[in-house]
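Chains F and L, in that order, are what the protein sequence lines are. Its first residue numbered 2, the first sequence is counted upward by one per residue in our numbering. Its first residue numbered -17, the second sequence is counted upward by one per residue in our numbering. Below: the structure, in structure tokens.
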Amino acid sequence: MDSRYEVEFTVRGDDFLAAGEASNQIKETLVMLGVPSAISRRASVITYEAEMNLVIHAGGGILRAVITPERLTIVATDLGPGIPDLDLAMKEGFSTASDRVREMGFGAGMGLPNIKRNADVLKIDTEVGKGTTLTATVFFGRQAEQGG
Amino acid sequence: MNLKQIAACIGAEILHGEALLEKVEIERAYASDLMSDVLAFASPGTLLLTGLTNVQIIRTAQMMDIPAVVFVRGKKPQEEAVTLARSAGMPLLVSSKSMYETCGLLYAAGLSPCVIPTREA
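Here's what the structure looks like:
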């Protein structure tokens, strides 16, 4: 593949019909570039959960994927409310999602834990009232599934 | 089992993908109404059974390389979900039985579950 491939999508807040389109396009890009399916699936969980967070919590944002021969980096940036207690948000089962979101099958408090489980490196910069930037990296050389 | 055998086993209605049924081999199944759980626990090639009907079910299936979805309790997926599944070439089945009975029939027929990793305390 080329040395660097970058795609960027604007994700609209509360648009549950379009939610997932960006993640699907990123997945198709990974498949087109010949990334192994085990890796592209891990990447898909990260992008999809991050995209849903933009839709559900942040009022939308930007989802960016940077692909090099060694790694995939997903960056989700928003100007939403920020995460007051990041340690709590990383716990399985903790969620601030609305009943409407839960009725759609989300808001079970698994989003950030799922991202953490599938990322080799995860960094979350968040400030209440200003927004959140999530940066997750998946290395292509490391194909084994990460535990817990 | 292929999807045609699965459809016969649970008496499912085929909403879309009749021509694909014999070509899609299914080794295991995962049943959930929580999409993040599907993202956490479903293995590739898993059949998804759910009682939810929105378009995000199909998105979730796409992300996890899930080849087909069974909607239980006779629930029909929303139009947007069917449209997306058609464009993705993903067969959709509807079981008029409950989640429990649908799963029970498939389990009894030899369809394996997904392996859930041991949870941290």
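Here a beta-carbon is modelled for each residue, glycine too, at the ideal position from N, C-alpha and C.
Does the structure place the segment 36 to 50 of chain F close enough to the segment 99 to 106 of chain F that three or more beta carbon pairs sit under 8 Å? Under the Cβ criterion (8 Å, minimum of three pairs), the segment 99 to 106 of chain F does not count as touching the segment 36 to 50 of chain F.
How far does the alpha helix (DSSP H) with residue 65 (chain L) in it reach, from first residue to last? 61 to 70 is the extent of the alpha helix (DSSP H) around residue 65 (chain L).
Does residue 118 (chain F) pass the burial test, meaning 16 or more other C-beta atoms within 10 Å, or should it be called exposed? Residue 118 (chain F) sits buried, since 16 or more C-beta atoms from the chains shown fall within 10 Å of its C-beta.
Could you check if residue 11 (chain F) is buried or exposed, using at least 16 other CB atoms within 10 Å of its CB as the buried criterion? Exposed is the label assigned to residue 11 (chain F), since fewer than 16 other Cβ atoms lie within 10 Å of its Cβ.
Can you round the beta-carbon distance between residue 36 (chain L) and residue 4 (chain L) to whole angstroms, since I take them to be within the 8 Å contact cut? Contact doesn't hold; Cβ gap of about 29 Å is too wide.
Run through DSSP, which three-state label would residue 94 (chain L) get? Secondary structure of residue 94 (chain L) (DSSP, three-state): strand.
Beta-bridge pairing of residue 73 (chain F) - partner residues as DSSP gives them: According to DSSP, which records beta bridges pairwise, residue 73 (chain F) is partnered with F:68 and F:139.
Give me the chain L residues within the contact set of residue 45 (chain F), using Cβ-Cβ distance strictly less than 9 Å, ordered along the chain. What residue 45 (chain F) touches in chain L, judged by beta-carbon distance under 9 Å, is 21, 44, 45, 46 and 47, going in chain order.
Closest to residue 13 (chain L) by C-alpha separation, out of L:77, L:101 and L:100, would be which residue? Across the set L:77, L:101 and L:100, the C-alpha of L:77 shows the shortest separation from the C-alpha of residue 13 (chain L).
Which of the residues in the segment 23 to 34 of chain F, read from start to end, lie with their CB under 9 Å from any CB of chain L? Per Cβ criterion, the list reads 24, 25 and 28.
Check whether residue 16 (chain L) and residue 95 (chain F) have beta carbons under 9 Å apart: It is not a contact, given that the beta carbons lie outside the stated cut-off.
So the candidates are F:58, F:26, F:120 and F:86; which of them puts its Cα closest to the Cα of residue 8 (chain F)? The option with the nearest alpha carbon to residue 8 (chain F) is F:26.
Counting along the chain, where does the alpha helix (DSSP H) carrying residue 34 (chain L) start and finish? Segment: none, residue 34 (chain L) is in no alpha helix (DSSP H) and carries neither H nor E.
Can you check whether the C-beta of residue 7 (chain L) is within less than 9 Å of a C-beta belonging to chain F? No, its Cβ sits nowhere closer than 9 Å to a Cβ of chain F.
With a threshold of 6 Å on Cβ separation, who are the neighbours of residue 123 (chain F) within its own chain once the five nearest residues in sequence on each side are excluded? Excluding residues within five positions, the ones whose Cβ falls inside 6 Å are 117 and 137.
Contact set for residue 0 (chain L): own chain, Cβ-Cβ below 7 Å, skip 5 residues either direction: Result list for residue 0 (chain L): empty, nothing under 7 Å.
Near residue 64 (chain F), what residues of its chain come up, given a Cβ to Cβ distance below 6 Å and the 5 sequence neighbours on each side ignored? Result list for residue 64 (chain F): 10, 12, 23, 52 and 77, in chain order.
Using a Cβ-Cβ distance under 9 Å, would residue 28 (chain L) count as near chain F? So no, residue 28 (chain L) is outside the interface.
Under a Cβ-count criterion, where at least 16 other Cβ atoms within 10 Å of its own Cβ denotes burial, should residue 149 (chain F) be classed as buried or exposed? With a pLDDT of 36 at residue 149 (chain F), under the threshold of 50, the predicted position of this residue should be treated as unreliable, though the coordinate-derived value follows. So residue 149 (chain F) ends up on the exposed side.
Assign residue 80 (chain F) to one of three DSSP states: helix, strand, or coil. Coil at residue 80 (chain F), not helix or strand.
Which residues DSSP lists as bridging residue 22 (chain L), in chain order: Paired residues: none, contrary to the question.
Out of F:97, F:93 and F:74, which one is the CA nearest neighbour of residue 85 (chain F)? The shortest C-alpha separation from residue 85 (chain F) is found at F:97.
May I have the straight-line CA-CA distance separating residue 59 (chain L) from residue 55 (chain F), to the nearest angstrom? Each residue's alpha carbon lies about 25 Å from the other.
Counting only C-beta atoms, is residue 50 (chain F) closer than 9 Å to chain L at any point? Interface residue, yes.
For residue 124 (chain F), does the three-state DSSP call read helix, strand or coil? Strand at residue 124 (chain F).
Which listed residue (F:141, F:59, F:38 and F:88) has its alpha carbon closest to that of residue 134 (chain F): Here the closest residue by C-alpha is F:59.
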